[in-house]
Amino acid sequence: MNKALLGKTILGIFVLSSILAGCSTVKDAKSTSVSKETASTAVSLKQTVKPTELNGEQATLTAEASNLEVEKGTSLPVWTFNNSVPGPQIRIKKGKTVNITVKNQLTVPISLHIHGYPVPFKMDGVPGITQNAIAPGKSFTYTFKATVPGTYWYHSHQDSVNQVDKGLYGSFVVEDELVKADRDYTLMLDEWMSSSSEGDHEGMKNMDMSMHGMDHSSTKTDSSGQNEQPTSTQPGHDMSMYDLYTINGQTYNSLQPLQVTQGDTVRLRLINAGYLSHSLHLHGHRYRIIATDGNPVSDPKWVKDKLLSIAPGERVDIEFQADNPGTWYLEEHGSSPRISNMKQRIQYTNEQGTNDQPDPLTKLPAVDLTSYGKSQAGRFSLNDVYDVSYTMNLGTREQQGKQEYTINNKVYPDTEPLSVQTGDKVKVRFVNTSANDDHPMHLHGHTFQILSKNGIPLKGSPVYKDTLNVKPGEEYIVAFTANNPGDWMFHCHDLHHASAGMVTDLKYNDFQKTFQPDPNLNNTPE
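So the number in our numbering is just where the residue sits in the sequence shown, counting from 1, plus 7.
Pasting the structure below:
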């Protein structure tokens with residue numbers, strides 16, 4: 008069903024329901040998996056509003072259903088926080104105490120995970136692990152002290168492959184008063200399923216939405232990190248169903264330009280809330296990477312006409328000087344036609360514009376973080392003595408007709424946990440043995456340092472992250488200190504892969520877990 012017809016259908020249903028005082032439903036175009044939780048979504052003509060900004064010292068997020076007009080004439084049924092997609096940006100100054108109350112007005116349970124922030128274990132928002140999911144009509148308050156400045160994001164971790172897909176996410180910023188910019192913009196990247204792909208999924212709507220049994224293919228990248236058209240391979244992961252790309256919930260034609268004034272220092276906080284990697288090019292300006300996953304980069308170097316690759320779950324903060332008046336593009340590069348919506352105009356105040364044109368097919372090199380910034384000693388090195396070493400072989404297989412994503416040839420909950428004691432120095436080796444699939448691996452509650460890639464030590468600034476994209480055939484070694492006791496998830500943030508098995512746990516042997524999940528609740532941590 009195309010969007011114009013969908014709109015007419017919804018209007019007709021609304022009129023008919025008014026006459027008959029009946030209750031009508033529509034199929035969810037964003038996620039074909041709603042049947043796992045509820046048979047249908049109630050028709051509503053409610054429309055989302057623009058995201059607001061909340062003070063994290065006392066913030067309230069209300070989960071509710073709505074309709075997101077991603078572009079004129081195209082609306083998608085979504086789940087929202089405070090009736091917007093993304094949800095409100097929550098900002099708080101370093102040193103203050105965060106209080107976020109989540110109220111659930113949906114018909115399914117939800118939760119809230121602050122992605123990348125080292126919260127105390129009880130505040131991690133993983134149903135069945137740290138808390139019970141927030142049932143419909145209930146609320147839960149997340150409280151912790153904001154001590155680590157940076158760019159983070161929040162999302163539901165209950166049935167997250169579907170709930171994040173439907174819009175339950177937003178940005179979270181801890182402000183450092185010593186770091187300032189004249190303009191500070193946050194851009195959240197995402198992909199959606201429009202009605203043009205609904206027909207492709209009719210056969211899947213009654214499937215077990217753990218994603219087992221789905222025939223996927225990979226979104227490949229070329230040597231420069233640019234996206235190519237998804238292709239069908241076996242086994243693999245088909246992401247061609249995501250045919251509508253957005254920035255802050257809007258396609259290109261619906262986005263308002265980012266306003267800058269000549270002489271401004273401009274900060275762009277780029278967050279990938281979707282399930283595909285995106286390679287972005289900033290036109291007309293040089294830029295520098297000032298933070299990766301919220302962690303400052305030492306002595307960042309200026310670069311120009313280089314692509315910035317952002318994988319699912321990652322955050323990259325860049326800075327540029329507004330020294331070239333006109334109107335310019337920040338856009339994705341690649342050969343797929345669908346990337347035409349993944350671009351944003353940057354407009355100088357009182358300027359008429361330039362002749363800048365999109366050039367998504369132009370081949371450009373990507374910024375190489377393994378040699379970026381000033382070389383200096385980090386917290387860890389390959390020569391250190393480690394208390395715990397763990398190898399994580401990331402694989403893909405078919406098992407009895409089901410697609411599985413494995414860690415050391417096992418799927419969760421049968422994967423072997425990474426067991427540590429408080430204070431341990433831990434080394435993890437990632438090896439991607441999948442033929443086609445990227446695996447952006449995310450560790451809850453901790454930050455790790457990347458020590459080497461494909462056997463070669465990093466040459467630039469020490470790189471600290473909580474989400475690392477491991478491409479087919481790649482090998483990374485990372486290290487961290489076990490300094491946040493708990494039972495933490497360690498999983499792929501292509502959540503299709505996580506829900507199909509690519510999850511393990513970081514378990515502290517000296518941690519006494521007191522939480523007991525309610526067996527009567529549908530706690531679904533992935």
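Each residue gets a CB set at the ideal place from its N, CA and C atoms; glycine is no exception.
Using a 10 Å radius around the Cβ and a threshold of 16 neighbouring Cβ atoms, would you call G557 buried or exposed?
Any question about residue 557 goes unanswered here, given that the chain covers just 8 to 533.
Under 8 angstroms, with one C-beta from each stretch per pair, do the stretch 108-123 and the stretch 136-155 reach the 3-pair mark?
Verdict: yes, contact present.
Hey, H453 and D473: beta-carbon distance below 9 angstroms or not?
Contact check for H453 against D473 passes: the beta carbons are separated by less than 9 angstroms.
Indicate whether the contact test is met: 3 or more Cβ pairs, each with one atom in the stretch 383-398 and one in the stretch 428-436, closer than 8 angstroms.
Yes, since at least three Cβ pairs between the stretch 383-398 and the stretch 428-436 fall closer than 8 angstroms, the two stretches touch.
Anyone know if the C-beta pair for L475 and M448 falls short of 9 angstroms?
Less than 9 angstroms divides the Cβ of L475 from the Cβ of M448.
Mind checking whether T272 and F327 have CB atoms under 9 angstroms apart?
Yes, Cβ-Cβ distance for T272 and F327 is below 9 angstroms.
Compute the Euclidean distance between the alpha carbons of A70 and I254, then round it to the nearest angstrom.
Distance between A70 and I254, taken at the CA atoms: about 21 angstroms.
Assign I346 to one of three DSSP states: helix, strand, or coil.
Of the three classes helix, strand and coil, the one that applies to I346 here is helix, per DSSP.
In the DSSP assignment, find the beta strand (DSSP E) that holds V56 and state where it starts and stops.
No beta strand (DSSP E) contains V56, which DSSP labels as neither H nor E.
Give me the residue from T403, V438, L450, F455 with the minimum Cα distance to N461.
Selected option, being the one with the closest Cα: V438.
Continuous beta strand (DSSP E) stretch holding H122: start and end
Run containing H122: 120-122, per the beta strand (DSSP E) assignment.
Run through the DSSP bridge pairs and tell me what Q328 is partnered with.
Looking at the DSSP assignment, Q328 forms a beta bridge with T272.
When G301, P307, N400, K311 are compared against V323, the one with the closest alpha-carbon:
The residue with the shortest Cα to Cα distance from V323 is G301.
Hey, how far is the Cα of Q410 from the Cα of D250?
Cα-Cα distance, rounded: 22 angstroms.
Strictly by DSSP, which residues pair up with Y159?
Its beta-bridge partners are F179.
Starting from the Cα of I317, find the closest Cα among P464, K308, T299, A329 and give me that residue.
Ranking the options by Cα distance to I317, first place goes to T299.
Whole-angstrom Cβ separation of Q383 and P469, contact assumed at under 8 angstroms?
The pair is a contact, with the Cβ atoms about 7 angstroms apart (cut-off 8 angstroms).
Taking just the CA atoms, how far does G135 sit from D525?
A direct Cα-Cα distance of roughly 8 angstroms separates D525 from G135.
Using only the alpha-carbon positions, how far apart do V92 and Y176 sit?
Rounded to whole angstroms, the separation of the alpha carbons of Y176 and V92 is 7 angstroms.
So P58 and Q96 are supposed to be a Cβ contact under 8 angstroms. How far apart are they, rounded?
6 angstroms between Cβ atoms; contact.
By the three-class DSSP mapping on this structure, what secondary structure does H503 have?
Reduced to three states, the DSSP call for H503 is helix.
Hey, quick one: how far does the beta strand (DSSP E) through S426 stretch, first residue to last?
Taken as a continuous stretch (DSSP letters only), the beta strand (DSSP E) holding S426 covers 425-427.
Smallest Cα separation from V418: which of K350, Y515, Q406, G333?
Nearest of K350, Y515, Q406, G333 to V418, Cα basis: Q406.
Which stretch, first to last residue, makes up the beta strand (DSSP E) that contains Q410?
Start and end: 409-414.
Per the contact definition of three or more C-beta pairs closer than 8 angstroms, is the stretch 346-353 in contact with the stretch 254-263?
Judged by Cβ distances under 8 angstroms, the stretch 254-263 makes contact with the stretch 346-353, as three or more pairs qualify.
Distance between Q165 and N529 (C-alpha atoms, nearest Å)
If you take the alpha carbons of N529 and Q165, they lie about 9 angstroms apart.
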